[in-house]
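Student: Quick one: the structure is below, questions incoming.
There are 2 protein chains.
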Amino acid sequence: MGIVLSFDDKKPAEPDLSALLALTSDDMGRVNELILSKAASHVEMIPEIANHLIASGGKRLRPMLTLASAQMFGYEGGGHVKLATSVEFMHTATLLHDDVVDESDMRRGKKAARMLWGNQASVLVGDFLLGQAFRMMVDVGSLEALRILSDAASIIAEGEVLQLSAAKNMETTEDEYLAVIKAKTAALFSAAAEVGPVISGADRADQAALRSYGINLGLAFQLIDDALDYGGSASALGKNVGDDFREGKITLPVVLSYRRGTAEDRAFWTRCMERGENEDAELQEAIALLRKHNAIEDTVERARHYGAVARDALAPLADNEHKSALLDVISFCIARAY
Amino acid sequence: MGIVLSFDDKKPAEPDLSALLALTSDDMGRVNELILSKAASHVEMIPEIANHLIASGGKRLRPMLTLASAQMFGYEGGGHVKLATSVEFMHTATLLHDDVVDESDMRRGKKAARMLWGNQASVLVGDFLLGQAFRMMVDVGSLEALRILSDAASIIAEGEVLQLSAAKNMETTEDEYLAVIKAKTAALFSAAAEVGPVISGADRADQAALRSYGINLGLAFQLIDDALDYGGSASALGKNVGDDFREGKITLPVVLSYRRGTAEDRAFWTRCMERGENEDAELQEAIALLRKHNAIEDTVERARHYGAVARDALAPLADNEHKSALLDVISFCIARAY
Numbered sequence: 015m016g017i018v019l020s021f022d023d024k025k026p027a028e029p030d031l032s033a034l035l036a037l038t039s040d041d042m043g044r045v046n047e048l049i050l051s052k053a054a055s056h057v058e059m060i061p062e063i064a065n066h067l068i069a070s071g072g073k074r075l076r077p078m079l080t081l082a083s084a085q086m087f088g089y090e091g092g093g094h095v096k097l098a099t100s101v102e103f104m105h106t107a108t109l110l111h112d113d114v115v116d117e118s119d120m121r122r123g124k125k126a127a128r129m130l131w132g133n134q135a136s137v138l139v140g141d142f143l144l145g146q147a148f149r150m151m152v153d154v155g156s157l158e159a160l161r162i163l164s165d166a167a168s169i170i171a172e173g174e175v176l177q178l179s180a181a182k183n184m185e186t187t188e189d190e191y192l193a194v195i196k197a198k199t200a201a202l203f204s205a206a207a208e209v210g211p212v213i214s215g216a217d218r219a220d221q222a223a224l225r226s227y228g229i230n231l232g233l234a235f236q237l238i239d240d241a242l243d244y245g246g247s248a249s250a251l252g253k254n255v256g257d258d259f260r261e262g263k264i265t266l267p268v269v270l271s272y273r274r275g276t277a278e279d280r281a282f283w284t285r286c287m288e289r290g291e292n293e294d295a296e297l298q299e300a301i302a303l304l305r306k307h308n309a310i311e312d313t314v315e316r317a318r319h320y321g322a323v324a325r326d327a328l329a330p331l332a333d334n335e336h337k338s339a340l341l342d343v344i345s346f347c348i349a350r351a352y
Numbered sequence: 015m016g017i018v019l020s021f022d023d024k025k026p027a028e029p030d031l032s033a034l035l036a037l038t039s040d041d042m043g044r045v046n047e048l049i050l051s052k053a054a055s056h057v058e059m060i061p062e063i064a065n066h067l068i069a070s071g072g073k074r075l076r077p078m079l080t081l082a083s084a085q086m087f088g089y090e091g092g093g094h095v096k097l098a099t100s101v102e103f104m105h106t107a108t109l110l111h112d113d114v115v116d117e118s119d120m121r122r123g124k125k126a127a128r129m130l131w132g133n134q135a136s137v138l139v140g141d142f143l144l145g146q147a148f149r150m151m152v153d154v155g156s157l158e159a160l161r162i163l164s165d166a167a168s169i170i171a172e173g174e175v176l177q178l179s180a181a182k183n184m185e186t187t188e189d190e191y192l193a194v195i196k197a198k199t200a201a202l203f204s205a206a207a208e209v210g211p212v213i214s215g216a217d218r219a220d221q222a223a224l225r226s227y228g229i230n231l232g233l234a235f236q237l238i239d240d241a242l243d244y245g246g247s248a249s250a251l252g253k254n255v256g257d258d259f260r261e262g263k264i265t266l267p268v269v270l271s272y273r274r275g276t277a278e279d280r281a282f283w284t285r286c287m288e289r290g291e292n293e294d295a296e297l298q299e300a301i302a303l304l305r306k307h308n309a310i311e312d313t314v315e316r317a318r319h320y321g322a323v324a325r326d327a328l329a330p331l332a333d334n335e336h337k338s339a340l341l342d343v344i345s346f347c348i349a350r351a352y
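Just so you know, the sequences run in chain order W and S. To convert, count from 1 in the first sequence and add 14; that's the numbering used here. To convert, count from 1 in the second sequence and add 14; that's the numbering used here.
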């Protein structure tokens, strides 16, 4: 006996971020100007490092969330541009500090800043960007937005420490891993989305909706990223596969495969993750094990769960182009896995 | 284009608790004796009330989890019986206090204790049972088990307060609701399962596995309970449908239906939940709305997600009859919805 599911439920027709990009394009122009001016300093190394990272081309999803979530509730001032810039600076600072902590050589296909300017400069420029982020938030003058973003900053740092203590520990449970990415990734998505309604004077329910959207989108986003690092559910492997593996990062696909594996499988993962045997041959074997245990598909399945929760978080809001653009972000995140 | 899912993935073949019952039957005999002796008091009202509730026939799932999780790691003393009894007393105390807070008239199809002996006695006998629970835990002498169970006691109380502040508020988000049931229900499941490996001297990874199993099982259990209160996904409605509705309890099916609904649907839910219009006619309409928004099915779907996480939590443990019995509990919980 079987039931037929429409394939559309599983794979939406090529969702993209075009609606979000269009809605935030003017404001993102202002964010980019502000990024350049606030990363300026007479200490030359600061703009050099900041621009290296800022120019290296992330999707800028987080500041776009702040802009869209402010526009959505009719915000008319200029504070959302400052908050969006703060959010991007917080994110950039985290990346700089992360690379030092993880001893990463590369970041988005380029040399990590720490390889070019050293660890000390990376740490300090991260601190500088965090400082600038707080100055801009204070400038906006919303105590509630300040509380939300400074809470997020603490939670992110706490998440890093938590990850440090969980790092290289193959016994990490799914719940423990979830707690790490909730802090490290989802907290900033959540704050980025929540400050929009806050500075627009939207009501508590709208604020809670955007907060919930952000946290669940962030979880889905990170889980899909984890799946993509092993090629997602596509059969052909693209480039950039295996970065997490080579860095010994324990992500959900690995947690699931380890837990579901035989004693022999687990010994393999321990060798790779805890003892650093992570050449191409091991990567091939790792991917075979992930496939065997359905670990990538089930990571995507977990992401789909959080995507569904994020979708319901926005459900009560009036239908408009902003809501539709934010829902597209969920579909886009999930669809990346295919 | 469609894909065919085997129906077996969705509906396992009538899973039941028989394996767990068989494994814990002897020890449960001891738990039942201990319950009677520890609920004894020269203050007559105490055993009367305690026995009223204890005899009213819950499944005793929580103490069975403690017993099975201790046996699983080869525990040989008698402490697991005391901890299992403590867990059941904590649960019973919560029910007594809950009924007072919720002003419930009925509990498991019988008159609530507070209707027979009054609110004050219900509160105090709950406190007495909690006190007895702590005495038994101290008796066992494991500081770690004491920490786990006393943490759970605080978290449960905190969850009740959280629920109080969320009660009758239709704007409750799914995340907020999840936080409530994580504290109110899942924390005790988690503690019940975690103390087994603790008193058996199992290692940290086994302890984390059982904790994670418990919390996710607890979430799945409560979500299925919520779905069942509206008839589950069965088309025929059984008895006892609508208790939550009549008490104005906002559970996930209602949260989803409210959030997904039209302005008119939302006005309906607000009338029912916040203003107490909850006769049979409204219940019929409520169920129609839940169906229209797929809210019951999606609540079961969310439960299935937590069930999958609980399953992976146990995955690394050696296969044996205890593990198999604990996995059956997950399937049993989910299957109740059909």
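Using N, Cα and C, we set each Cβ at its ideal position, and we do this for glycine too.
By Cβ distance below 6 Å, which residues in the same chain neighbour Asn65/W in space, the five residues on each side in sequence not counted?
Tutor: Position 51 of the first sequence, counting from 1, holds the residue named residue 65/W. Closer than 6 Å at the Cβ level, and outside the excluded window around Asn65/W, lies no residue.
Student: With a threshold of 8 Å on Cβ separation, who are the neighbours of Leu110/S within its own chain once the five nearest residues in sequence on each side are excluded?
Tutor: Reading the second sequence from its first residue, position 96 is the one you call residue 110/S. So the qualifying residues of the chain are Ile63, Leu67, Ala127, Arg128, Ser136, Val137, Val139, Gly140, Leu143.
Student: With a Cβ-Cβ cutoff of 8 Å, do Gly93/S and Ser156/S count as a contact?
Tutor: For this step, residue 93/S is matched to residue 79 along the second sequence. For this step, residue 156/S is matched to residue 142 along the second sequence. Yes, the pair counts as a contact, with Cβ atoms nearer than the cut-off.
Student: In chain order, what are the residue ranges of uninterrupted alpha helix (DSSP H) at least 4 long that sit wholly in the region 205-288 of chain W?
Tutor: As far as the region 205-288 of chain W is concerned, its whole alpha helix (DSSP H) runs of at least 4 residues are 218-242, 257-260, 266-274.
Student: Output, in sequence order along the chain, the residues in the region 313-346 of chain S whose CB is closer than 8 Å to any CB in chain W.
Tutor: Flagged, chain order: Glu315, Arg316, His319, Ala322, Val323, Asp326, Ala327, Ala329, Pro330.
Student: For Thr230/S, count neighbouring Cβ atoms within 10 angstroms of its own Cβ and tell me buried if that reaches 16, exposed if not.
Tutor: Looking up residue 230/S in the second sequence gives position 216. In the sequence as presented, Thr is not what sits at residue 230/S; that position holds Asn. The residue is buried, with at least 16 neighbouring Cβ atoms inside 10 Å.
Student: In chain order, what are the residue ranges of uninterrupted alpha helix (DSSP H) at least 4 long that sit wholly in the region 137-201 of chain S?
Tutor: For the region 137-201 of chain S, whole alpha helix (DSSP H) runs of length 4 or above, ordered along the chain, are 157-180, 188-195.
Student: State buried or exposed for His307/S, treating a residue as buried only when at least 16 other CB atoms are found within 10 Å of its CB.
Tutor: In the second sequence, the residue the question calls residue 307/S occupies position 293. Flag for His307/S reads buried.
Student: Counting only Cβ pairs nearer than 9 Å, list the residues of chain S close to Asp189/W.
Tutor: As a working mapping, residue 189/W is identified with position 175 in the first sequence. Under the 9 Å cutoff, chain S gives Ala222, Arg225, Ser226, Ile229, Asn230, Val323, Ala327.
Student: Let me confirm a value: Ala351/W is counted as buried when at least 16 other C-beta atoms fall within 10 Å, else exposed. Which label applies?
Tutor: Indexing the first sequence from 1 puts residue 351/W at position 337. Burial call: buried.
Student: Would you call Val152/S buried or exposed, if buried means 16 or more other Cβ atoms sit within 10 Å of its Cβ?
Tutor: Position 138 of the second sequence holds residue 152/S. By the neighbour-count rule (16 or more Cβ atoms within 10 Å), Val152/S is not buried but exposed.
Student: Got a sec, what are the start and stop residues for the alpha helix (DSSP H) Gly88/W sits in?
Tutor: Counting from one through the first sequence, the residue named residue 88/W turns up at place 74. It is not in any alpha helix (DSSP H) - Gly88/W carries neither H nor E in the DSSP assignment.
Student: Which residues of chain W have a Cβ atom closer than 7 Å to the Cβ of Arg11/S, listed in chain order?
Tutor: Given that chain S is displayed from residue 15 to residue 352, the structure contains no residue 11/S and the question cannot be resolved.
Student: Using beta carbons (cut-off 8 Å, strictly below), is Leu270/S in contact with chain W?
Tutor: The residue given as residue 270/S occupies position 256 in the second sequence. It does: the Cβ of Leu270/S has a partner Cβ on chain W nearer than 8 Å.
Student: Since I believe Ala180/S is in contact with Val194/S (beta carbons under 8 Å), could you give me their beta-carbon distance rounded to a whole number of angstroms?
Tutor: Sequence index remark: in the second sequence, residue 194/S carries index 180 (1-based). Sequence index remark: in the second sequence, residue 180/S carries index 166 (1-based). Confirmed, Cβ separation roughly 6 Å.
Student: Among Lys96/S, Asp116/S, Gly88/S, which one has its Cα closest to the Cα of Ala216/S?
Tutor: By 1-based counting over the second sequence, the position of residue 216/S is 202. Of the candidates Lys96/S, Asp116/S, Gly88/S, the one whose C-alpha sits nearest the C-alpha of Ala216/S is Gly88/S.
Student: Would you say Gly245/S and Ile301/S are within 8 Å of each other, going by their C-beta atoms?
Tutor: For the purposes of this step, residue 245/S is taken as residue 231 along the second sequence, with counting starting at 1. For the purposes of this step, residue 301/S is taken as residue 287 along the second sequence, with counting starting at 1. For Gly245/S and Ile301/S, yes; Cβs fall inside 8 Å.
Student: Among all the DSSP beta bridges, which residues are the ones paired with Arg121/W?
Tutor: Taking the first sequence and counting its residues from 1, one reaches residue 121/W at position 107. Note: Arg121/W sits in a beta bridge opposite Lys124/W.
Student: Hey, does Glu185/S have any beta-carbon neighbour from chain W nearer than 8 Å?
Tutor: Translated into positions along the second sequence, residue 185/S becomes position 171. Yes, Glu185/S lies at the interface with chain W (some Cβ there is under 8 Å from its Cβ).
Student: So is Ala219/W in contact with chain S if we call contact Cβ pairs under 8 Å?
Tutor: To locate residue 219/W, count along the first sequence from 1; it is residue 205. So yes, Ala219/W belongs to the interface.
Student: Please report how far the alpha carbon of Gly256/S lies from the alpha carbon of Ala219/S, in whole angstroms.
Tutor: Here residue 256/S refers to the residue found at position 242 when the second sequence is read from its first residue. Here residue 219/S refers to the residue found at position 205 when the second sequence is read from its first residue. Going by the C-alpha atoms only, they are around 41 Å apart.
Student: Tell me whether Asp51/W sits in a helix, a strand or coil according to DSSP, three-state version.
Tutor: Numbered from its first residue, the first sequence carries residue 51/W at position 37. The residue asked about is misnamed: residue 51/W is Ser in this sequence, not Asp. Note: Ser51/W maps to helix in three-state DSSP.
Student: Given 8 Å as the limit, is there contact between the region 260-267 of chain S and the region 282-299 of chain S, that is, 3 or more CB pairs closer than that?
Tutor: Contact holds: three or more Cβ-Cβ distances are below 8 Å.
Student: Along the chain, where does the alpha helix (DSSP H) that runs through Asp30/W open and close?
Tutor: As a first step, residue 30/W is located in the first sequence; it is residue number 16 there, counting from the start. From DSSP, Asp30/W is part of no alpha helix (DSSP H); its letter is neither H nor E.
Student: So what does DSSP say about His307/S, is it helix, strand or coil?
Tutor: For the purposes of this step, residue 307/S is taken as the residue at position 293 of the second sequence. Looking at His307/S - three-state DSSP - the assignment turns out to be coil, as it is neither helix nor strand.
Student: Under a Cβ-count criterion, where at least 16 other Cβ atoms within 10 Å of its own Cβ denotes burial, should His105/S be classed as buried or exposed?
Tutor: Taking the second sequence and counting its residues from 1, the one referred to as residue 105/S is at position 91. Per the 10 Å Cβ criterion, buried.
Student: Let me know if Ser100/S comes out buried or exposed under the rule of 16 or more other beta-carbons within 10 Å of its beta-carbon.
Tutor: In the second sequence, the residue the question calls residue 100/S occupies position 86. Flag for Ser100/S reads buried.
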